[in-house]
Amino acid sequence: MSTESNVAVSGGNRAEQRTATIVPPVDIFEDASGITLIADLPGVSKDRLDIRVQSERLFIEAEARVEVPANLQVFHTEVDQPRYRRAFNLSAELDTGAIDASLKDGVLTLRIPRAQAAQPRRIEVQVG
């Protein structure tokens, strides 16, 4: 059984744009002060990224754009403009008003702190 595909392809025709919705891989880390979420979004720029919180749900949506150098012509693409989409249920312990986000080299990092009331705290014991 062959794993190769025999496909007749004609180059240079971009009339039919194909998009695909991709669920990006995500790693989530937790510590005492909150969570850190890291999502792989290759080809995504800041202006094509939408992060929002609605009713204790976090939504990440983005559209990738791969620029073709001026001296090249597209011969064949499987997916022309991939779209990324992911949603998460957030704990009420998290402070969604204080989310920090950064995007570098196609990697999105979100830091979501715990709400002050949910932060661990030390209780002093009185003697006497």
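Per my numbering: the sequence shown = residues 219 to 346.
All residues carry an ideal CB built from backbone N, CA and C; glycine is no exception.
A distance below 8 Å separates the beta carbons of ILE330 and LEU255. For ARG270, the beta-bridge partners assigned by DSSP are PHE277.
The three-state reading of DSSP puts GLY315 in helix, counting H, G and I together. Rounded to the nearest whole angstrom, the C-alpha separation of ASN289 and GLY324 is 25 Å.
Judged by beta-carbon spacing, ILE246 lies beyond the 8 Å limit of ILE240, meaning their Cβ atoms are not closer than that value. Non-local beta-carbon contacts of GLU279 in its own chain, meaning distances under 6 Å to residues more than five positions away in sequence, involve ASP268, ARG303 in chain order.
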